[in-house]
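Reviewing the structure listed below.
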Amino acid sequence: MRRLALSVALTLPLFAAPAKEHTFAQAQSFLKSYCVSCHQGAKPSAGFNAAKLNTLQTMMEDPRKWSRMLTRVRDNEMPPKGAPAPSLDKREAFVSYVEDTMKSAACADGISPRPALLRRLNRTEYTATMRDLLNIHINAGRGLPADGAGGEGFDNAAETLFLSPMHAEKYLEAAREALAYGAKDPKSRARFLIAEPNDKTTVDQAARKVLEAFLPRAFRRPARPDELERYVTLFANAYKKNQSYEVSILHALQGVLISPHFLFRVEEPNPGAAPRLLDGFALASRLSYFLWGTMPDEDLTKVAATGKLNDDKILAEQTIRLLKDPRTRDFAEQFVEQWLNTRELGRDIKPDPKLFPAYYDAEIQSGIRYEPILFFQELLTANLSLLNLIDSKFTIMSNKLAKHYGIKPAKPLRQQPVVVELPEGSHRGGVLGMAAVLAVSSYPNRTSPVLRGKWILDAMLGTPAPPPPAGVPPLEDKVGTAPQTLRERLERHRLNPACGVCHNRIDPLGFGLENYDVLGLWRTEDGGKAIDSKGVLPDGATFDGPDEMKKILLEKKDLLVRNLTVKLLGYSLGRGLTLEDHCSVDRIVDAVKKENYSAHTLILEIVRSVPFRYQVGTAPNIPAVPPVAKAE
Amino acid sequence: MGRYSLNRRTLLRGAGAAIGLPWLEAMAAPAGGSKPPVRMAALYMPNGVHPDMWTPEGDKRDFKLSPTLSPLADLQDQLMVLTNLWNPGSVGGDGHYVKISGWLTCTTVTKTLGVDVSCNGVSMDQLAVQKTGRQTPIASMELGIAPVTTGVDKNVGYTRVYGSHISWASPTSPLARELNPQLAFERLFRAGNGQADGAKEEALLLDRVLTDAKELRQKLGGADRQRLDEYLSVVRSLEDRLERAASPEQSKWKPRVALDPAAKPTGNPKDYAEHVRLMFDIIALAFQSDSTRVATFLFGNEVSNQNFAFVDGVTGAHHSLSHHENKPDNMRQYQLINKWHIEQYGYLLRKLRDMKEGDSNVLDNSMILLGAGIRDGNKHDPHNLPVVLAGKAGGRLASGQHLSYEKDTPLSNLYVSMLDAFGAPVERFADSTGRLPGVLASS
Chain Z
247 MRRLALSVAL TLPLFAAPAK EHTFAQAQSF LKSYCVSCHQ GAKPSAGFNA AKLNTLQTMM
307 EDPRKWSRML TRVRDNEMPP KGAPAPSLDK REAFVSYVED TMKSAACADG ISPRPALLRR
367 LNRTEYTATM RDLLNIHINA GRGLPADGAG GEGFDNAAET LFLSPMHAEK YLEAAREALA
427 YGAKDPKSRA RFLIAEPNDK TTVDQAARKV LEAFLPRAFR RPARPDELER YVTLFANAYK
487 KNQSYEVSIL HALQGVLISP HFLFRVEEPN PGAAPRLLDG FALASRLSYF LWGTMPDEDL
547 TKVAATGKLN DDKILAEQTI RLLKDPRTRD FAEQFVEQWL NTRELGRDIK PDPKLFPAYY
607 DAEIQSGIRY EPILFFQELL TANLSLLNLI DSKFTIMSNK LAKHYGIKPA KPLRQQPVVV
667 ELPEGSHRGG VLGMAAVLAV SSYPNRTSPV LRGKWILDAM LGTPAPPPPA GVPPLEDKVG
727 TAPQTLRERL ERHRLNPACG VCHNRIDPLG FGLENYDVLG LWRTEDGGKA IDSKGVLPDG
787 ATFDGPDEMK KILLEKKDLL VRNLTVKLLG YSLGRGLTLE DHCSVDRIVD AVKKENYSAH
847 TLILEIVRSV PFRYQVGTAP NIPAVPPVAK AE
Chain H
3 MGRYSLNRRT LLRGAGAAIG LPWLEAMAAP AGGSKPPVRM AALYMPNGVH PDMWTPEGDK
63 RDFKLSPTLS PLADLQDQLM VLTNLWNPGS VGGDGHYVKI SGWLTCTTVT KTLGVDVSCN
123 GVSMDQLAVQ KTGRQTPIAS MELGIAPVTT GVDKNVGYTR VYGSHISWAS PTSPLARELN
183 PQLAFERLFR AGNGQADGAK EEALLLDRVL TDAKELRQKL GGADRQRLDE YLSVVRSLED
243 RLERAASPEQ SKWKPRVALD PAAKPTGNPK DYAEHVRLMF DIIALAFQSD STRVATFLFG
303 NEVSNQNFAF VDGVTGAHHS LSHHENKPDN MRQYQLINKW HIEQYGYLLR KLRDMKEGDS
363 NVLDNSMILL GAGIRDGNKH DPHNLPVVLA GKAGGRLASG QHLSYEKDTP LSNLYVSMLD
423 AFGAPVERFA DSTGRLPGVL ASS
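Below, the structure written as structure tokens:
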């Protein structure tokens, strides 16, 4: 079978009807019932002939056509408004059958890596790298524009790291300012201005010494002699003009900091046809940008230089070392805030200052923001179970946040957040008890069961509901007597089958969190009415309140772990996952389950995976069965 | 036609290649005193408008502003309100992302979470820049308030990059926006006073890294080359500017009005309303000084849930109120939010009007477009879009009218007319079917 380079977002339906045996014949009958009448003949609609997708073989030979069709069916775009449409159950059974079949075919061939795109450092990576390279403690990237997200939803995805003319100006200025700042600070100078001309050292020798040390650190690999010479020349030309060592060396360094070898993560291309292991320096960079969001440190670079980083044992040792380092804070912050969407809190989503003044207390605000970040970091460094994300016996709080939650910790707390054991009946534990999550899935002035339910399906479980079908009347366009409560209104809304199919999944989960107000405070009534946080899920499971709902979610733990794996693998690779990558995801998820959902196992398995460690060949004729097939 | 007839740029030499235009000396405007240049800005409102409160009563020169447009009463002779325009490229897809990203391109963006982002066109503002060549230190300014929204929208299958950009220099180059008024001011200031910064030395540096980049490019495959081409293009463009700044005798450009460094705004506005006004001050200064002639601005990213409780009578957030469900109270609040946007628009227009240029003013010599990608936020409907154009483009626009067209007249026809008025005439733009009658002053 040909290599599948499809970017397919696999989404298994949650709480849908139990998966029935689905056969190719059934898939055929689906196509015939809903697609073929328009998509056939000499001039099929949109140039897409569904009648030709009539054998299992076509799925293997022309996965792109199948995938294109699949996306439109899954997203409710086809069949179009007015045409006979399948039920949601039928639709999802069809979609998961086709996805599974295509994935099995792809996985049977063994896993081969996808090309890693040339990727510029995003704004946060740039800032952190400048910090470590120059040992400065200013935000060097503060003037750069924010980066958009692609792939699995992260702003480190190569595909959406665009460059605008503004970037060139900003990089040049940022480099100038950072160097000028660093040159004034003795600690910083010691890091990068390691030589000065004196009685024993000529100007040329000093400049060489500085550049010899600086270039490999900036480029994250050894510098070639001709590269070094170029920057020495840049220095020499400047020196000829201004006769100042300091001005000229900073000038040459500024040149290094706007070079594409610094601004981009360049991996030496693999000229062969077969995939190969990455070289040590490229792997070191992947590892440190994954777990630290910055350049490799001296230790990691030393290991890379020995050529042994790809040794399983050494790679594992380095990975664990990185995980235990405080620099995982940057990783946790970048990953968690984008995964859980809490980055939007304080940006697009701001609790109303009049209704929720507590949010505008600086300590509470930062406590709210950092709780999920520090919690995730704790899972990583202490190698705890990932199931803590659903429910946990601890969280991370400062004194004011604990007071905000109404928790009396055993030991008095301070301003610095620390791990706190949760007392019995605290209604906290897991991300669903965290104010950041509860606020970001609310409106500024009130909670929304729909937004919260959607948040759980999308961010936590990775099973977003499809968009509303075309032509659905807006909510309550024609309501007779106005119902009283939000719950009554939403129940009425769900009576419409076109709305109910998805809202039966969304709304109950959101109602399960109604005991939390916009800022996550526990409440038993709202506007004088008692809170009703009961819910019935489409599979019949019932719960009363968040504590019981979390028990049900714990039964769905594999969805969370799969979703987290997809997100983390996508983040680590800086791109969206393809169908083939999902073969790696399957293996990683299996390993994590075997190791009791250990956080370290998840990270180690990602780092060991084919897409992370291998590099695709650039020559044509990629063999059908790549030699790395057995590597995992 | 005079200096507007130059039309020799080959556009779109491939993705990314057209971003950084060389400075066209022959086309640079002569220094102050001569006929003022035409400037153009496009301002985008997210989440549509209250459909029944937008359209003015009456037609042509005899019209009464609607409740939503009423804050512009004193500017009526500068306005052109356009009714029944639509953007057919943005009909399909989802309710928001396709609408905003195609607003100035009149194309349908590729549905993607990121891997093949394309607007399948060029935005009207960037086409204006590319057609006229670069005449000012800053080719164009892209401004906004909110950073690009986090993440991708798996619910509908689009990267939120689409919801945060309206300016596209090429199908694959959405232009980043400056959000910080202080940094935007500093950029203007530096661009106009480049010599002070050791521009010559820095131009040499850029030359050096261009060599690195070209060498690296040789080793890379297709998609990566394209990425490096983007890099080469933006670096070259800056190099060109610095070289000219370093030798003023070569550059014919002079600021029409010098920027006062003391006018530098705060980098940390106290609230949303102040932030919007500071960004409008930047547009006004940029146009007055002639640092750039093209600007775009986003009041918010599409689907913005900005809390508008600071407006009297409003208690909620923008996007949720735009889904008003036909409830009177929601619709009332939605309209107040729309009206607030128009008040800010009025602030910019008055500011430009108060900037004298010979016997006219900057507004007389500008065209400031304001609109949205949908009409009723409750319906995500790209028919009969809210569109208003202000300013006279140096007398080229027949301002002071409400022009009502046949139902479903392409929005792109307006852009063809605007490009004419800007001095960047095109025969067609995207799906245009001709010029929009009545927009240009008859000559």
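Chains Z and H supply the protein sequences, listed in that same order.
Following the working numbering, the numbering of the first sequence begins with 247 at its first residue and continues without gaps.
Following the working numbering, the numbering of the second sequence begins with 3 at its first residue and continues without gaps.
From the three backbone atoms N, C-alpha and C, an ideal C-beta is built for every residue, glycine too.
Less than 8 angstroms separates the beta-carbon of PRO139/H from that of GLY194/H. Look at ARG593/Z: its C-beta is under 8 angstroms from a C-beta on chain H. Residue environment analysis places VAL696/Z among the buried positions, since at least 16 neighbouring C-beta atoms fall within 10 angstroms of its C-beta.
Taking C-beta separations shorter than 6 angstroms and ignoring five residues to either side along the sequence, the partners of THR411/H in its chain run ASN86 and LEU87, following chain order. Relative to MET305/Z, the option among GLU841/Z, GLN286/Z, ALA273/Z and HIS285/Z whose CA is nearest is ALA273/Z.
The Cβ atoms of GLY97/H and THR110/H lie no closer than 8 angstroms to each other. Using a Cβ-Cβ distance cut-off of 8 angstroms, the segment 204-220 of chain H and the segment 305-320 of chain H are not in contact, since fewer than three pairs of beta carbons, one from each stretch, lie closer than that value. Put simply, the segment 55-65 of chain H does not touch the segment 356-376 of chain H. Fewer than three CB pairs are less than 8 angstroms apart.
In the assembly as shown, SER322/H is a buried residue. Its beta-carbon has 16 or more other beta-carbons within 10 Å.
When the beta-carbon positions are compared, THR406/Z and GLY396/Z come within less than 8 angstroms of each other.
Burial of ILE147/H is indicated by the presence of at least 16 other C-beta atoms within 10 angstroms of its C-beta.
ASP763/Z carries a coil assignment under DSSP once its states are collapsed to helix, strand and coil. Taking the Cβ atoms as the reference, MET55/H lies roughly 6 angstroms from SER68/H, within the contact range of under 8 angstroms. Interface annotation, SER293/H: not in contact with chain Z, CB-CB separation never under 8 angstroms. Neighbours of TYR233/H in chain Z, taken as residues whose beta carbon is under 9 angstroms from its own, are ARG366, LEU409, HIS413, ALA414, PRO506, LEU509 and PHE510 in chain order. Not a single C-beta of chain H is nearer than 8 angstroms to the C-beta of PRO663/Z.
Counting only runs of 3+ residues, the beta strand (DSSP E) found wholly inside the segment 67-131 of chain H occupies 81-88, in chain order. The Cβ atoms of ALA424/Z and ALA386/Z lie closer than 8 angstroms to each other. Shown here for ASP576/Z: same chain residues with a beta carbon closer than 8 angstroms to its own, the five before and five after excluded, namely THR370, ALA374, TRP538, GLY539 and THR540 in chain order. Interface residue (Cβ-Cβ distance to chain H less than 8 angstroms): GLU338/Z is not classified as such. Under DSSP, LYS358/H takes part in a beta bridge, and its partners are ASN363/H. Under DSSP, the beta-bridge partners assigned to THR411/H are LEU87/H.
Taking CB atoms only, ALA711/Z has a neighbour in chain H less than 8 angstroms away. For a cut-off of 8 angstroms, the C-beta gap from ILE285/H to LEU145/H is around 7 angstroms, short enough to register as a contact. Residues of the same chain with a CB within less than 8 angstroms of the CB of ARG334/H, apart from the 5 flanking positions on each side, are GLY315 in chain order. Interface criterion met: the Cβ of PRO515/Z is under 8 angstroms from a Cβ in chain H.
Around VAL111/H, no beta-carbon contact reaches into chain Z at under 9 angstroms, the shortest distance being about 13 angstroms.
The straight-line gap separating the alpha-carbon atoms of GLY328/Z and CYS281/Z is approximately 13 angstroms.
Cβ-Cβ distances below 7 angstroms link ALA275/H to PHE312 in the same chain, with the five nearest sequence neighbours on each side left out; the list follows chain order. In this structure, LEU316/Z sits away from ALA296/Z, with a CB-CB distance that is not shorter than 8 angstroms.
Within the segment 204-215 of chain H, contact with chain Z at the beta-carbon level (separation under 8 angstroms) is assigned to GLU204, LEU206, LEU207, LEU208, ARG210, VAL211, THR213, ASP214 and ALA215.
Taking all protein chains shown into account, ILE440/Z has fewer than 16 neighbouring C-beta atoms within 10 Å of its C-beta and is therefore exposed. SER175/H has a beta carbon lying within less than 8 angstroms of a beta carbon in chain Z. The beta carbons of TYR860/Z and LEU523/Z sit closer together than 8 angstroms. Interface flag for TYR616/Z against chain H is unset, since no Cβ pair is found closer than 8 angstroms. Taking a C-beta distance under 8 angstroms as the contact criterion, ASP433/H and CYS108/H qualify as a contact pair.
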